[in-house]
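Here's the structure, in structure tokens; my notes come after.
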Amino acid sequence: MKIFNSYTNQLETFVPRHQGIVSMYVCGPTVYNYIHIGNARPVVVFDTVRRYFESQGMVVKFASNFTDVDDKIIQKAKEEGVDEKTISEKYINAFLKDVASLNSRTDYIKPKVTEYMPKIVDYIQGLITIGYAYEIEGDVYFRVSKLKEYGQLSNRKLDDLISGSRIEINEKKESPLDFTLWKKTEEGIHWHTNFSDGRPGWHTECVAMIDDIFGEEIDIHGGGTDLMFPHHENEIAQSLAKNHHTVAHYWMHNGRLNLEGEKMSKSTGNVVLVKDLNVNKLAYRMFLLSTQYRSPLNYSPEALDVFDKEWQKVQKSVEQLYRLLDLNDQLKDNVVVNASDLVDINNYFIESMEADFNTPNALTALNQLMKAINSKLRQKPDFEWLNQAYALTSKFLFILGLDFNLTKLSIEEKSLIKQWEQARINKDFELADQLRQLLVSKGLI
RNA sequence: GGACCCAUAGCCAAGUGGCAAGGCAAGGGACUGCAACUCCCUGAUCGUUGGUUCAAAUCCGACUGGGUCCUCCA
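Mapping the first sequence onto our numbering, position 165 (from 1) lands on 195, and the numbers just tick up by one.
Written out as structure tokens, the structure reads:
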């Protein structure tokens, strides 16, 4: 398995710290609104990464946070005249619902800032103790100049950062690059600490959570490229200071999703929400996987329509295959795939995924498989081959997160389908058309 | 202003030194009781321009055109 490591800026062979176990952390949402289709990209990308490792027999320990303390949440709470918890709970639930609709797993560790406050405060206190942070008038800042590695991840030099800085000069800070760990405030939800009454900056939560959940370095840290600087750079800075390592062995960053060529973000209002997508959500997932995760991806309704059709084709082929096997009582479990054409397709699929999760090529393999199945469905049934093809299809769909439920036919349904087939053989087309209409209305063909 | 990325057929998109995958659209054909579905065939001097090499979409330089980050953002 090769993974492009953003920290070293090169393709590297993936070796987990502990054999057979993969630890992953992905930066999660700030919960003040419904997620848009761009927010869904890292969710789907890293869910697919997780699914692939699991399909290879590895145990994946996966965590992703909820930022439930933030200026925007406080502002929203004020606007709506409710407390912050009401807002964050509402949008955490909405997030999980949207994630599930994209067939991304929700069974992962979900730490919240509000539940991590003592550990975040301890983390900050620890940084002060070792001289990597300082407190001024109740605010606490990280002392960036003390860390010569700063800028490695985002490939920046300290001098460039200072000269190119558009950050307003904060007189209190020692250097404009120093970032806030704790901010003194009495507005909105806040906590009492030795430094002041206030709340944390947003860079400490992830490292404090990773420290607590994983105890040591993790294998993979994921997130969008836009988080590289400053957020991930600052995570690394804090971790280097406190733990002398860079949090993760592999840093993975997914590219942005643009809307009709324009940047999409909640703050500009230029958004399409996941819950408002009017196509099958799995078609949207397929669209997201149709481009390599590191490349930018441009969304347009027309582009999505293509995958809506693609998805329906796949769905139809898989259903037909399943129905045929079911109708003939030929469905089997634990099928070994050894037909040479299927083995070739499987090899291509696996090679693609092993090459830094090349999902576009994995989708090509899925396409080849569908084509092979469609051809075989027109021939005299070879149930051995068809069962193998079904097993392979199920595997591909699981890994890509495009799996969907198929239910076995009842005896009555089987009988109906057989009657329809017989009517056609008998050239009783009036009866055949009636039966076909009935079967279509039941969603069986 | 500083840092960085991208440019492959009408559209989407793989390929990162050895004759340019795949999908959509388009055209042709096959199958079919009618439908729908499906299958087969047809398309590229890889943005422009210099260079390195036996060999370049792929490496290096310049140019042009897009985009990202430096501020909240996934």
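Quick reminder that beta carbons are idealized off the backbone N, C-alpha and C, glycines included.
**Request:** Could you tell me the distance, in whole angstroms, from the CA atom of Val366 to the CA atom of Lys32?
**Result:** Near 27 Å, if we compare the C-alpha coordinates of Lys32 and Val366.
**Prompt:** Taking only runs of the beta strand (DSSP E) that begin and end inside the stretch 245-317, which ones reach a length of at least 3 residues, in chain order?
**Reply:** With a minimum length of 3 residues, the continuous beta strand (DSSP E) runs that stay inside the stretch 245-317 are 248-254, 278-284, 287-289.
**Request:** Return the residue from the list Phe125, Ile103, Leu126 that minimises the CA-CA distance to Ile117.
**Result:** Nearest neighbour of Ile117 by Cα position, chosen from Phe125, Ile103, Leu126, turns out to be Ile103.
**Message:** Just verifying my parser: in three-state terms, what is the DSSP assignment at Ala93?
**Reply:** If DSSP states are grouped into helix, strand and coil, Ala93 belongs with the strands.
**Item:** Rounded C-alpha distance that separates Tyr37 from Ile250
**Value:** Approximately 11 Å between the Cα atoms of the pair.
**Item:** Collapsed DSSP secondary structure at Ala385 in the structure displayed
**Value:** If DSSP states are grouped into helix, strand and coil, Ala385 belongs with the strands.
**Where Ser36 sits in the DSSP three-state scheme** = Correct three-state label for Ser36: coil.
**Request:** Answer with buried or exposed for Leu50, where buried requires no fewer than 16 other C-beta atoms within 10 angstroms of its C-beta.
**Result:** Note on identity: in this sequence residue 50 is Gly, with Leu being the wrong assignment. An exposed status is given to Gly50, since fewer than 16 other beta-carbon atoms sit within 10 Å of its beta-carbon.
**Message:** If you follow the beta strand (DSSP E) that Ile166 is in, where does it begin and where does it stop?
**Reply:** That run of the beta strand (DSSP E) goes 163-166.
**Other residues of its chain near Thr406: CB distance less than 8 Å, five sequence neighbours each side excluded** = Going by the sequence as given, residue 406 is Lys instead of Thr. Contacts found: Asp412, Trp415, Leu416, Ala419.
**Prompt:** Cα-Cα, which of Thr423, Ile380, Tyr352, Leu393 is closest to Lys444?
**Reply:** Looking at the Cα atoms, Tyr352 is the closest of the given residues.
**Ordered list of beta strand (DSSP E) runs contained in the stretch 55-94, each at least 3 residues** = Fully enclosed beta strand (DSSP E) runs of 3 or longer: 89-94.
**Prompt:** Between which two residues does the alpha helix (DSSP H) harbouring Phe337 extend?
**Reply:** Element bounds for Phe337: 331-357.
**Prompt:** Tell me the DSSP bridge mates of Ile139?
**Reply:** Answer is Ala93.
**Message:** Could you pull the DSSP bridge partners for Ile475 from this structure?
**Reply:** Answer is none; Ile475 lacks a bridge partner.
**Message:** If you reduce the DSSP assignment to three classes, tell me which class Ser53 lands in.
**Reply:** The answer is strand: DSSP assigns Ser53 an E or B state.
**Asked** How would you call Ser195, buried or exposed, if buried means at least 16 neighbouring beta carbons within 10 angstroms?
**Response** Here Ser195 scores only 49 on pLDDT, less than 50, and its place in the model should not be relied on; the value that follows carries that caveat. So Ser195 counts as exposed.
**Asked** Should Pro72 and Asn328 be called a contact, given that it needs their Cβ atoms to be closer than 8 Å?
**Response** The answer is no: Cβ separation not under 8 Å.
**For Val170, three-class secondary structure by DSSP** = Of the three classes helix, strand and coil, the one that applies to Val170 here is strand, per DSSP.
**Message:** Here's a check: name, in chain order, each residue in its chain whose Cβ is nearer than 6 Å to the Cβ of Pro230, leaving out the five neighbours to either side.
**Reply:** Correct list, in chain order: Ile150, Trp212.
**Request:** Would you mind stating whether Ile65 and Phe125 have Cβ atoms separated by less than 8 Å?
**Result:** Their beta carbons are under 8 Å apart, which means Ile65 touches Phe125 by this criterion.
**Asked** Cα-Cα, which of Asn224, Phe225, Ser175, Arg186 is closest to Pro206?
**Response** Measuring C-alpha to C-alpha distances from Pro206 to each of Asn224, Phe225, Ser175, Arg186 identifies Ser175 as the nearest.
**Message:** What does the alpha-carbon distance come out to for the pair Asn288 and Asp98?
**Reply:** When rounded, the separation of the alpha-carbon atoms in Asn288 and Asp98 is 26 Å.
**Through-space distance from Arg286 to Asp256, alpha-carbon basis** = Their Cα atoms are separated by approximately 8 Å.
**Asked** Per DSSP, what kind of secondary structure is Arg229 in: helix, strand or coil?
**Response** The answer is strand: DSSP assigns Arg229 an E or B state.
**Asked** DSSP three-state call for Asn404: helix, strand or coil?
**Response** DSSP, reduced to helix, strand and coil, places Asn404 within a helical segment of the structure shown.
**Request:** Indicate the three-state DSSP secondary structure (helix, strand or coil) for Glu42 in the structure shown.
**Result:** Looking at Glu42 - three-state DSSP - the assignment turns out to be strand.
**Message:** Going by C-alpha to C-alpha distance, which of Val348, Val304, Leu436, Pro390 sits closest to Ala70?
**Reply:** When each option's Cα is compared against that of Ala70, the closest is Val304.
**Prompt:** For Leu393, does the three-state DSSP call read helix, strand or coil?
**Reply:** The three-state reading of DSSP puts Leu393 in helix, counting H, G and I together.
**Message:** Taking 6 Å as the limit between beta carbons, can you name the residues of its chain near Lys142, skipping five residues before and five after?
**Reply:** The beta carbon of Lys142 sits closer than 6 Å to those of Phe96, Asp98, all from its chain and outside the five residues before and after it, given in chain order.
**Asked** Does the pairing of the stretch 77-96 with the stretch 42-56 give three or more beta-carbon distances under 8 Å?
**Response** Yes: at least three Cβ pairs fall under 8 Å.
**Item:** C-beta contact flag for Trp450 and Leu436 at 8 Å
**Value:** Cβ atoms of Trp450 and Leu436: not closer than 8 Å.
**Request:** Give the single residue among Glu460, Gln345, Arg135, Asn358 whose Cα lies nearest to the Cα of Gly473.
**Result:** With distances taken between Cα atoms, Gly473 lies closest to Gln345.
**Asked** Quick one: Cα of Asp208 to Cα of Ser269, how far?
**Response** Taking C-alpha positions only, Asp208 is separated from Ser269 by approximately 15 Å.
**Asked** Where does the unbroken alpha helix (DSSP H) through Ala214 begin, and where does it stop?
**Response** A small fix is needed here, since residue 214 is Lys in this sequence, not Ala. Premise fails: Lys214 lies in the beta strand (DSSP E), 210-214, not in any alpha helix (DSSP H).
**Request:** Might you give, ordered along the chain, the residues of its own chain that have their beta carbon closer than 8 Å to the beta carbon of Lys106, omitting 5 neighbours on each side?
**Result:** Result list for Lys106: Tyr62, Asn63, Ile117, in chain order.
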